[in-house]
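Trainee:
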Amino acid sequence: MATQTLDTKGMNCPLPILKTKKAMKDLAAGDTLEVLSTDPGSVKDMEAFCKSTGNKLLSSGEDGGVYTYEIEKA
Amino acid sequence: MSDGSNNKKMTIIVTKGTLDWAYPPFILASTAASLDVDVTLFFTFYGLQLLKKDVDHLQISTLGNPGMEMPMMGMHMTMPNIVSTIPGVDAMASSMMKSMIKKKGVASIPELREICVESDVKIVGCQMTLDLFEWSPDIMIPEMELGGAATYMAEALESDINLYI
Chain A
7 MATQTLDTKG MNCPLPILKT KKAMKDLAAG DTLEVLSTDP GSVKDMEAFC
57 KSTGNKLLSS GEDGGVYTYE IEKA
Chain B
11 MSDGSNNKKM TIIVTKGTLD WAYPPFILAS TAASLDVDVT LFFTFYGLQL
61 LKKDVDHLQI STLGNPGMEM PMMGMHMTMP NIVSTIPGVD AMASSMMKSM
111 IKKKGVASIP ELREICVESD VKIVGCQMTL DLFEWSPDIM IPEMELGGAA
161 TYMAEALESD INLYI
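Order-wise, the sequence lines are chains A and B.
In case it helps, the numbering used here puts the first sequence at residues 7 to 80.
In case it helps, the numbering used here puts the second sequence at residues 11 to 175.
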């Protein structure tokens, strides 16, 4: 169960990443953030974001055009 | 907020002052900052338009821009140069672009710029350009620091990525 959920549905690049970064700031290490997005580009972008920031991408999935990511704060 | 945890730095020289060209520097700067990169933007010549407090005046230029294909009347159209010279065409194309930006969930320039400021992106305005155009710093956003080529070079020499847009 994610600590917090962020809905970025309808937003285009780079807003899902920028909003994710902002939401991560309010979390403590070990907390998880669930991010919802309708941007197909967010699949690669979220991987790159986690790789660069050291946060952990726990899961990534898609259902009916909505991409869901679970990220653990480092 | 960039905390510099990956110790990477990026600089961008921003030279263009149109609505479309405002996007690459602000998108890259805000995204880099969210990836913990320490970013410096150096605004010079027409790029300084992007640092005015009010950026509602930014427009796209359809003249000599055959790559600008916009969805119009059910197809994609480019603007013949002869049409571009008619007063008001750029304003009309710009307002269409702005409405598409909104419709597609693309961030506005003030929104991206605000995120850059919140993320501690260093914003440097070119002192020489301000003098040349006779613009008062009062019309610019307060987060703008003034500097010159040497200020830029000092940042660029320490950077991993230096871009010119």
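Ideal placement from N, C-alpha and C gives every residue a C-beta, glycine not left out.
Since this is a predicted model, take the numbers as computed values, not measurements.
Against chain B, which members of the region 16-48 of chain A pass a CB distance test of less than 7 Å?
Mentor: For the region 16-48 of chain A, the beta-carbon criterion of a distance under 7 Å to any beta-carbon of chain B is satisfied by G16, M17, N18, P20, L21, I23, L24, K27, K31.
Trainee: Which term fits L58(B), buried or exposed, when burial requires 16 or more other beta carbons within 10 angstroms of its beta carbon?
Mentor: With a threshold of 16 other beta carbon atoms within 10 Å, L58(B) meets it and is buried.
Trainee: For D48(B), which beta-bridge partners are listed by DSSP?
Mentor: K19(B)
Trainee: What does the alpha-carbon distance come out to for the pair K18(B) and T50(B)?
Mentor: One alpha carbon belongs to K18(B), the other to T50(B), and they sit about 12 Å apart.
Trainee: Pull out every residue of the region 98-118 of chain B whose Cβ sits closer than 7 Å to any Cβ of chain D, in chain order.
Mentor: The displayed structure is made up of protein chains A and B, and chain D is not among them.
Trainee: From which residue to which residue does the beta strand (DSSP E) around I171(B) run?
Mentor: 171-174
Trainee: What residues in its chain sit with their C-beta under 6 Å from that of N172(B), if we drop five residues either side in the sequence?
Mentor: T21, A166
Trainee: Answer with buried or exposed for T11(A), where buried requires no fewer than 16 other C-beta atoms within 10 angstroms of its C-beta.
Mentor: exposed
Trainee: Name the chain B residues whose beta carbon is nearer than 9 Å to that of T59(A)?
Mentor: Close to T59(A), with beta-carbon spacing below 9 Å, are these residues of chain B in chain order: S15, N16, S44, L45, D46.
Trainee: According to the Cβ coordinates, are E80(A) and E40(A) closer than 8 Å?
Mentor: The residue you asked about is not Glu; residue 80(A) is Ala in the sequence shown. Not closer than 8 Å, so no.
Trainee: Can you look up S12(B) in the DSSP assignment and give me helix, strand or coil?
Mentor: In this prediction, S12(B) scores a pLDDT of 44, lower than 50, which makes its location untrustworthy; no coordinate-derived value is stated.
Trainee: Which residue marks the beginning of the alpha helix (DSSP H) containing I92(B), and which one marks its end?
Mentor: 91-94
Trainee: Which two residues bound the contiguous alpha helix (DSSP H) that contains K57(A)?
Mentor: For K57(A), the enclosing alpha helix (DSSP H) begins and ends at 48-59.
Trainee: How far does the beta strand (DSSP E) with C136(B) in it extend, from its first residue to its last?
Mentor: Segment 132-136, the beta strand (DSSP E) holding C136(B).
Trainee: Using 8 Å for Cβ pairs, my map puts K62(A) next to I77(A). What's the rounded Cβ distance?
Mentor: 7 Å
Trainee: With a threshold of 7 Å on Cβ separation, who are the neighbours of P35(B) within its own chain once the five nearest residues in sequence on each side are excluded?
Mentor: I22, V24, L51, I175
Trainee: DSSP on T38(A), reduced to helix/strand/coil?
Mentor: Strand at T38(A).
Trainee: If we define contact as Cβ-Cβ less than 8 Å, is I133(B) a contact residue for chain A?
Mentor: No, because no Cβ of chain A sits closer than 8 Å to the Cβ of I133(B).
Trainee: In the region 124-157 of chain B, which residues sit with their C-beta less than 9 Å from some C-beta in chain A, listed in chain order?
Mentor: I125, E128, S129
Trainee: Any C-beta of chain A sitting closer than 8 Å to the C-beta of S40(B)?
Mentor: Yes, contact with chain A.
Trainee: Using alpha carbons as the reference points, say which of S71(B), L29(B), K114(B) lies closest to I92(B).
Mentor: S71(B)
Trainee: Which same chain residues end up closer than 6 Å to G157(B) when comparing Cβ atoms and leaving out the 5 residues on each side of it in sequence?
Mentor: If we look at G157(B) and ignore the five residues flanking it on each side, its Cβ neighbours are V134.
Trainee: On the DSSP letters alone, give me the boundaries of the alpha helix (DSSP H) that V99(B) sits inside.
Mentor: 99-113
Trainee: How long is the line joining the alpha carbons of M85(B) and D37(A), rounded to whole angstroms?
Mentor: In a straight line, the C-alpha of M85(B) is about 47 Å away from that of D37(A).
Trainee: Could you tell me if the beta carbon of S104(B) falls within a distance shorter than 7 Å of some heavy atom in the ligand ZN?
Mentor: Looking at this structure, you won't find the ligand ZN or any other ligand, since it has none at all.
Trainee: Between I175(B) and chain A, is any beta-carbon pair separated by less than 8 Å?
Mentor: no
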